[in-house]
Structures are given as C-alpha cells and as structure tokens.
Amino acid sequence: MVSVEDELDKLLDEQMTKGKTFNLGDYVSLEIIYIGNLSEISLVENKTSMKKFIIKSYQKKKIHQLYKEMELINEKNTDEKIKDNTNIISYYGTTKDEFKIYFLYEYIKGEDLQKKILNYGLKSEKLVKFYFIQILNSIKYLHSLNIPHRDIKPDNIIITDDEKTIKLIDFGSSCDLSDLTNEKKYEEILKKEKLSKKFFKYFVGTPGFIAPECIHNKFSDKRSDYWSLGCLLYNLLTGFPPFLG
C-alpha cells in the first residue's frame, strides 16, 4: 500500500520536473549567503560562462516533515508563468536529486529593502514613491496572471546596487487562482490520514504584513496583497510595520 509520504513525494516530483530545468553539474558553489527554516540560498557560478546565479535549495526530508510540499509547487508554478518583468527576479529552472530540490535564479547585486529602511524608513517621500511604484508594477503584473503573492514584505524586495531598480522575490506563498488542481490533490492526499488540519491553506504571510483573512485561515486572494501593500507603505515611511502585536 502506498503511504501518504510516498504520494506527496510523487506529486512534488511530478511538478518539479515540468517546465524549465537545468543541469546542477554546470554550476560551482561560491558561498552560502542565507540559511532559512526551509531553504538555503547559495551564490554559484556557471562553469562555462563564468556568470553568477543564485540557487535556492530545499531538503526533501524537511519539506515532507513540515508538510510544505505546496509551497514548492506554488513557487515552481508561479515562476513558470512569469515572463520577463523588470521588477521581478528572473527564473531559469528547477532540478532535483535524491535529497534536495533546487531552483535557479538570477543573481541580483544589491540588498533587501528591510536593510534600507531599518529604524528610520527611507530618506524621503520622493524615494518612497520611486520604489513603491515599481513594487506596484510587479504586483500588478502578478495579478494580471491571477496570482497573488501573499507574502509582500521588505525582506522579499531587493534593491539593486545602483539603487534604481527593485526586484520582487520569493513565490512560495503565492498561488495560481486560475488552476487550483494541485491544491485539491494535496488536500485529498492529506485527508487519507486525517492530516488536513495540518494544511493551513490560507494561513500565509508574515506577522506585521499578513492580512486578517490569512490569520484566520480564510480564503485569501489578490485583495490580501492590497492589505500587505498598505502595511509595506507604512513601513517604508516609518521604518517599522503598523502592527507589532
């Protein structure tokens, strides 16, 4: 009899092999630049072109332990739908081995918006407008694809070194409202062992920016992004989010 973990692993593998892929052996790791709860981000270099990229990797074991399969599936599907957009990070493919799943992204030389606004916010309202218009452009584009980001916050926005361009990153909390087939499959698998309570389908986002409906695990869509955008704007002006509870 096929176990729930095997079914989840099969669903994850099926989705990770669709669309763009890349050869992990073509890249050499230069340094690890971030280690999070679920992912590790490394700066890598292509052996042929010598061009730098970012590889975001996930440990399969941890993903299954925490029932985070849908986050990877959503990230992959959103990445695949996004075409060239000045204000969204470029994605080049996914691959996997026995233990990990890897996402390949462009390397953006810069720093996240959180570091820019820490303590005092941005220097002027003019600068806030300059960056916020670009942020709106990225969200408007996502919404045109019927995809809410659902985790808008300064940490998920990179400012390039020349301080002229912002890039939206991290689509693990996003979802394609045009096609919820995978989420339905995922829920059905979890229900087999009464694990559906672990699947907080709409509880996504970050404290300080998360919309009320997400906190209550109720249906969240593009409107949830508008709430988070309001929180972000406040954060840009003051240096801290509007809600600290």
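Under this note's numbering, the first residue of the sequence shown carries the number 220, and numbering increases by one thereafter. All residues carry an ideal CB built from backbone N, CA and C; glycine is no exception.
- Beta-bridge pairing by DSSP links Thr314 to Tyr321.
- If you check the CB distance, Thr313 and Lys404 do not come in under 8 Å.
- Going by DSSP, Lys441 is part of the alpha helix (DSSP H) stretching over Lys441 to Thr457.
- Scanning Glu294, Asn365, Thr305 and Lys348 for the CA closest to the CA of Tyr453 turns up Lys348.
- Every unbroken stretch of the beta strand (DSSP E) spanning 3 or more residues and falling wholly within the stretch 263-291 is given here in chain order: 271-278.
- For Tyr253, the three-state secondary structure derived from DSSP is strand.
- Within the same chain, Val247, Leu249 and Lys271 come within 6 Å of Glu264 by CB-CB distance, once the 5 residues on both sides are set aside.
- Counting other Cβ atoms within 10 Å of its Cβ, Val221 stays below 16 and is therefore classed as exposed.
- Spanning the alpha carbons of Ser439 and Ser268 requires a straight line of approximately 42 Å.
- In the DSSP assignment, Glu382 falls outside any beta strand (DSSP E) and carries neither an H nor an E.
- Under the three-state reduction of DSSP output, Leu463 falls in the coil class, being neither helix nor strand.
- Counting of Cβ neighbours within 10 angstroms places Lys229 among the exposed residues, the total staying below 16.
- Following the DSSP letters along the chain, one finds Asp331 in no alpha helix (DSSP H) but inside the beta strand (DSSP E) bounded by residues Gly329 to Asp331.
- Collapsing the DSSP output to three states places Ile358 in a helix.
- Your pair Ile273 and Glu325 checks out as a contact, with CB atoms roughly 7 Å apart and the cut at 8 Å.
- In this structure, DSSP gives Leu387 an extended state, which the three-state scheme calls strand.
- Asn356 and Lys280 have their C-alpha atoms spaced approximately 37 Å apart.
- The C-beta separation of Tyr321 from Leu243 comes to about 6 Å, placing the pair in contact by the 8 Å criterion.
- Contact between the stretch 362-382 and the stretch 329-340 is present: three or more C-beta pairs spanning the two stretches fall below 8 Å.
- Val247 is bridged by DSSP to Glu264.
- For Ile366, the three-state secondary structure derived from DSSP is coil.
- For the pair Lys372 and Glu299, the Cα-to-Cα distance works out to about 22 Å.
- Its Cα nearest to that of Glu344, the residue Leu456 stands out among Leu456, Leu463 and Pro460.
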